[in-house]
Every structure is written in structure tokens, then in C-alpha cells.
Amino acid sequence: MCSDHKKVDTRKGKLYGIGIGPGDPGLLTIKAKEILDEVDIIFVPKSEDDGKSCARSIIERALSGKKDFTELTFPMTRNKKTLKAYWKKAAGKIAGEVRGNKNAAFVTIGDPFIFSTYIYLSKTLRQDFPDVDIETIPGISSFNAASSRLELPLVEGNERLAILPVPKDLKGLRATLKSFDTVILMKVASKLDKVIRLLKEVKLIKNSALITHAGHPNEAIIRDLSSIKDKKLGYLSVIIVKRKNRS
Ligand SMILES: C[S@@+](CC[C@H](N)C(=O)[O-])C[C@H]1O[C@@H](n2cnc3c(N)ncnc32)[C@H](O)[C@@H]1O
9 MCSDHKKVDT
19 RKGKLYGIGI
29 GPGDPGLLTI
39 KAKEILDEVD
49 IIFVPKSEDD
59 GKSCARSIIE
69 RALSGKKDFT
79 ELTFPMTRNK
89 KTLKAYWKKA
99 AGKIAGEVRG
109 NKNAAFVTIG
119 DPFIFSTYIY
129 LSKTLRQDFP
139 DVDIETIPGI
149 SSFNAASSRL
159 ELPLVEGNER
169 LAILPVPKDL
179 KGLRATLKSF
189 DTVILMKVAS
199 KLDKVIRLLK
209 EVKLIKNSAL
219 ITHAGHPNEA
229 IIRDLSSIKD
239 KKLGYLSVII
249 VKRKNRS
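The opening residue of the sequence shown carries number 9 in the working numbering; numbering runs sequentially from there.
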């Protein structure tokens, strides 16, 4: 028998790191929604100080009432020193609220432990504020949504699956495409052109599909990658490549 799940712990300050799914508010789990409705404060990430938080717009469509939001900026940079400074600043703000006996949530797109700022933020919190209690709530990842929207099973039987961000140098990707039955490419962004060229070269272009902004109002599904003209389609996109074409 399945046991009853525990709701938010209201006795003391705690941080919930919550995966909110890829974009469709309907893909927020019941547990995530219950916790978000109950916490005192919700921290939302965004990439620019004056920009919009994508995560905030997703949960605002799902929550029952008005909530107290605090936006935290994490700039899009590879500079580790800069990033660390932002993780530390954010960890300090969160710890301040939790130590003041508030229950807080930090929301993250998809699943919190898949290519997420939350991974670095929670490590920073554990290191700098070990007394802060943290619970991570899983979410539906963008690649789960992608496979369902595309009606493409990810793996069956003894098949092997690889999930990776598109690397700068595509040499390694060639080998991955040969050794795995299904390859999920995330963080495509400006490398879309290069990926399409490689998929043509290795004759897998017809076995590939792309979904951009899955679950968002501007979602687009592209089954013929060679037809892509708009290179911006790589942003917030997942490509699924199957080694064997079963259609
Ligand atoms: C920083 S990672 C976050 C991944 C997220 N934690 C997850 O579980 O899906 C961002 C990448 O996730 C993918 N992604 C996130 N949301 C998406 C969506 N709604 N549609 C398509 N791809 C998405 C894209 O590959 C994007 O470059």
C-alpha cells in the first residue's frame, strides 16, 4: 500500500528546493503545489536584475493565492568567481529568512538536480550555513516533457540513454551518438547550427526531433531539423536523437 505523504513541516524554518516542471503549470506535482501554497516566502531565480523570472511566471499560474516572492539574480556567465559571489549572496538571503523561523521555497525549472543553479546554491548553503534544514522536492524534467510531447519513448528493453548538454567541441558527441540508443541534448542554444550539421553528417537527422519551450505558450515541436531556419529555436530547447528509426 502507498503511504500518505508528509505535508510542509510548519514547526520550524526550513528551505524546500522545489522542481516545478518544464513550463506547464499542470506538471507541477501535488507536493510542490502544497508546499508552495504553505511556505512564508518563495525565492525565484532570474538571470538579469531587470529581467523576468521564468520560474515565477510558471508558478504564478498554479498557486491558489498571493505569495511573498523574492527574486534572486544568477547571471548567465561561466566565470566561476562571479557565480560563486552570487551563490553566496543568495545563500545568505535564504539563510537569513530560514533562521528567522520562516519556511521558504526556492523554485527551479524542471528537476532541481538536473543542470540547475539549485545544485550550487544548496551546496553553498550546506557549506556556509550547515544549520539550515533543506529538503529537495523532485520535478518533472524538460526531457520528460519533451519525450511525451514528441510521443517518443526514451528507452525500452536493454537500451541505453545519454543525457548531456551540447558540448563546445562536438567531437565527443559523435562518439556518444554511436554508443547510445537514445541521446538527449540539452542547452542547445547557439550551437543548434553545429548540431544540425553533425546530425546530417552521421545520418541521424531523420531520427531527431526538437522541442522548444515545452509547456509554455510559445511551445514548438520540430520533427524535421533540416527545415529549421530560425536559429533562435535552440534556446530553451531539447533535442532527442534515436539511433534506430522505428517509425
Ligand atoms: C539550466 S538547464 C535546466 C534543466 C532543468 N533542471 C530540467 O530538469 O529540465 C536548462 C535547459 O533545460 C532545457 N529546458 C528547460 N525547460 C525547457 C522547456 N520548457 N522546453 C525545452 N527545453 C527546456 C533546455 O535544454 C535548457 O537549455
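Every residue gets a Cβ at the ideal spot worked out from N, C-alpha and C, and that includes glycine.
Helix, strand or coil at residue i according to DSSP, with G and I counted as helix
i, result
"Ala70", "coil"
"Leu244", "coil"
"Lys250", "strand"
"Ile230", "strand"
"Ile8", "Residue 8 lies beyond the stretch modelled for the chain, which goes from 9 to 255, so this question has no answer here."
"Gly27", "strand"
"Leu36", "coil"
"Lys237", "coil"
Where residue i falls, given that 16 or more other Cβ within 10 Å makes a residue buried
i, result
"Leu169", "exposed"
"Ile28", "buried"
"Glu164", "exposed"
"Arg64", "buried"
"Asn253", "exposed"
"Met194", "buried"
"Pro175", "exposed"
"Lys74", "exposed"
"Ser124", "buried"
"Ser216", "buried"
"Lys199", "buried"
"Gly147", "buried"
"Gly223", "buried"
"Ala183", "exposed"
"Gly31", "buried"
"Pro120", "buried"
Chain D contact for residue i (CB, 8 Å cutoff)
i, result
"Cys62", "The structure shown contains no chain D; it holds only a single protein chain."
Opposing strand residues paired with residue i [DSSP bridges]
i, result
"Lys22", "Asn111"
"Thr144", "Gly25"
(request) Ignoring anything shorter than 4 residues or poking outside the segment 146-227, list the alpha helix (DSSP H) runs there in chain order. (result) 150-158, 179-187 and 200-209
(request) Counting only runs of 3+ residues fully inside the segment 45-97, write out the beta strand (DSSP E) ranges in chain order. (result) 49-54 and 77-81
(request) Would you mind listing the alpha helix (DSSP H) stretches within the segment 108-142 that are 4+ residues and don't spill past its ends, in chain order? (result) 125-136
(message) I need the residues with a C-beta less than 7 Å from some heavy atom of ligand 1; please give them in chain order.
(response) A residue is listed when its beta-carbon falls short of 7 Å from at least one non-hydrogen atom of ligand 1; in chain order these are Gly27, Pro30, Gly31, Thr116, Ile117, Gly118, Asp119, Pro120, Ile122, Phe123, Ser124, Gly147, Ser149, Ser150, Phe151, Ala153, Ala154, Met194, Lys195, Val196, Ala197, Ile219, Thr220, His221, Ala222, Gly223, His224, Leu244, Ser245 and Val246.
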